[in-house]
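**Student:** Residue numbers (the numbering used here): 23 to 201. For each residue, glycine too, the CB sits at the ideal point set by N, CA and C.
#1: Which residues in the same chain as residue 127 place their Cβ atom closer than 6 angstroms to its Cβ, once the five residues preceding and following it in sequence are excluded?
#2: Over the uninterrupted beta strand (DSSP E) stretch that includes residue 81, give me the two end residues.
#3: Would you list, in sequence order, the uninterrupted alpha helix (DSSP H) runs of no fewer than 4 residues that lie entirely inside the region 54-106?
#4: Could you tell me the alpha carbon to alpha carbon distance between residue 149 and residue 165, rounded to whole angstroms?
#5: Quick check: the region 102-116 against the region 77-91, are there 3 or more CB pairs under 8 angstroms?
#6: Helix, strand or coil for residue 155 per DSSP?
#7: Would DSSP call residue 136 helix, strand or coil?
#8: Go through its chain and collect everything with a Cβ distance to residue 95's Cβ below 7 angstroms, but skip five positions before and after it.
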């Protein structure tokens, strides 16, 4: 939410220099459309890649929810060929349980105007969205930020990175790392 693909450029460069891979940065206007619409755009990009290429996703925050929605869309469509190409998912600060901060801020009249439909889906509309999200079937890891004790955001409601709590990042089957 409110970030661009440029924020992932240093990580993409590092991956390309140390691994035999090629990065594709996916950018979407997080405040201008719904998460399902962003997932549809992501599916279009990924499905346009050569069919012989395996795919790993690295997402940050809402980007992970977009990825999980795309995975769910492929599952519902029975697109096993596409799902078999996905070999790993790394989630950086994912609001895998929705976002308490979005639920709290959504009480303010301007929140929907500022954060858009995607921001509402992470907060008060989470239950409807969550039903469309898949848990990756491939190996996946979750990296959660955790500030030292005493540094908390009352809108988040627990230890975390001031935006997403560690508990909100959790997802069954994933390898967790707190930094």
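**Tutor:** Considering the structure as presented:
#1: Here the set comprises 133.
#2: 77-82
#3: Entirely contained in the region 54-106, the alpha helix (DSSP H) runs reaching 4 residues are, in chain order, 57-69 and 84-98.
#4: 23 angstroms
#5: Three or more Cβ pairs drawn from the region 102-116 and the region 77-91 lie within less than 8 angstroms of each other, which places the two stretches in contact.
#6: coil
#7: Helix at residue 136.
#8: 61 and 65
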